[in-house]
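Asks: If you scroll down you'll find the structure; I have some questions about it.
In the working numbering, the protein residues as written are 131 to 297.
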């Protein structure tokens, strides 16, 4: 899905299967260098009554996992990406953690800007977290980052369950 599609499309509400989205996201990234060297851990605790826009939720999950794989430490044997999706009274929190290269404090405030990159040493266009941020804001959600250079990152995204508005 293109970033352009998420910009112009109205927000839709449909039932979301997070296990399916997570499975598809991980499988779609199997082509990446180093994918087979990453251990994935996931825990999905969401009811079947979660409604949001699948065209916005999917790239959030996919780009967060993509970045965790891309910015892994290449010289360690225990590289991991941990994905936790948990429901609360109002919505869900998607947490993606890794033990990768981390993001230095000097760039953290700008990392969701278009074309902003963690390092020039790793190829990329600087659109991943920009797209995530755009999708999150279109869903009236929140995004937070905790990261230390050399230690890894944790990105948390919260979005509202729009299912409670459907009768």
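Glycine residues also receive a C-beta, built at the ideal position from the N, C-alpha and C atoms.
Express the C-alpha separation of residue 145 and residue 178 in angstroms, rounding to a whole number.
Replies: Here residue 178 corresponds to residue number 48 of the chain shown, with the count starting at 1. Here residue 145 corresponds to residue number 15 of the chain shown, with the count starting at 1. For residue 178 and residue 145, the distance between alpha carbons rounds to 7 Å.
Asks: Is the separation between the beta-carbon of residue 170 and that of residue 211 shorter than 8 Å?
Replies: For the purposes of this step, residue 170 is taken as the residue at position 40 of the chain shown. For the purposes of this step, residue 211 is taken as the residue at position 81 of the chain shown. Yes, they are a contact pair.
Asks: Can you tell me the Cα-Cα spacing of residue 201 and residue 167, whole angstroms?
Replies: Taking the first residue of the chain shown as position 1, residue 201 is located at position 71. Taking the first residue of the chain shown as position 1, residue 167 is located at position 37. Distance between the alpha carbons of residue 201 and residue 167: 13 Å.
Asks: Could you tell me the alpha carbon to alpha carbon distance between residue 176 and residue 148, rounded to whole angstroms?
Replies: Working through the chain shown from its first residue, we reach residue 176 at position 46. Working through the chain shown from its first residue, we reach residue 148 at position 18. Approximately 7 Å, taken between the alpha carbons.
Asks: What do you get for residue 280, buried or exposed, if any count of 16 or more other CB atoms within 10 angstroms of its CB means buried?
Replies: Counting from one through the chain shown, the residue named residue 280 turns up at place 150. By the 10 Å Cβ count, residue 280 comes out exposed.
Asks: Are there 16 or more other CB atoms within 10 angstroms of the CB of residue 292, so buried, or fewer, so exposed?
Replies: Reading the chain shown from its first residue, position 162 is the one you call residue 292. The residue in question, residue 292, is buried, as its Cβ has 16 or more Cβ neighbours within 10 Å.
Asks: Under a Cβ-count criterion, where at least 16 other Cβ atoms within 10 Å of its own Cβ denotes burial, should residue 222 be classed as buried or exposed?
Replies: Within the chain shown, the letter at position 92 stands for residue 222. It counts as buried.
Asks: Pick out whichever of 273, 155 and 230 has its Cα sitting closest to the Cα of residue 203.
Replies: Looking up residue 203 in the chain shown gives position 73. Considering only alpha carbons, the answer is 230.
Asks: Let me make sure I understand the geometry here. Which of 160, 287 and 150 has the alpha-carbon closest to that of residue 196?
Replies: Indexing the chain shown from 1 puts residue 196 at position 66. The shortest C-alpha separation from residue 196 is found at 160.
Asks: Using CA coordinates, which residue listed in 198, 217 and 162 is at the minimum distance from residue 209?
Replies: Within the chain shown, the letter at position 79 stands for residue 209. Ranking the options by Cα distance to residue 209, first place goes to 198.
Asks: For residue 127, does the count of other Cβ atoms within 10 angstroms reach 16, so buried, or fall short, so exposed?
Replies: Given a span of 131 to 297 for the chain in the structure shown, any question on residue 127 remains unanswerable.
Asks: Determine whether the beta carbon atoms of residue 191 and residue 152 lie at a separation below 8 Å.
Replies: Here residue 191 is taken as the residue at index 61 of the chain shown, counted from 1. Here residue 152 is taken as the residue at index 22 of the chain shown, counted from 1. For residue 191 and residue 152, yes; Cβs fall inside 8 Å.
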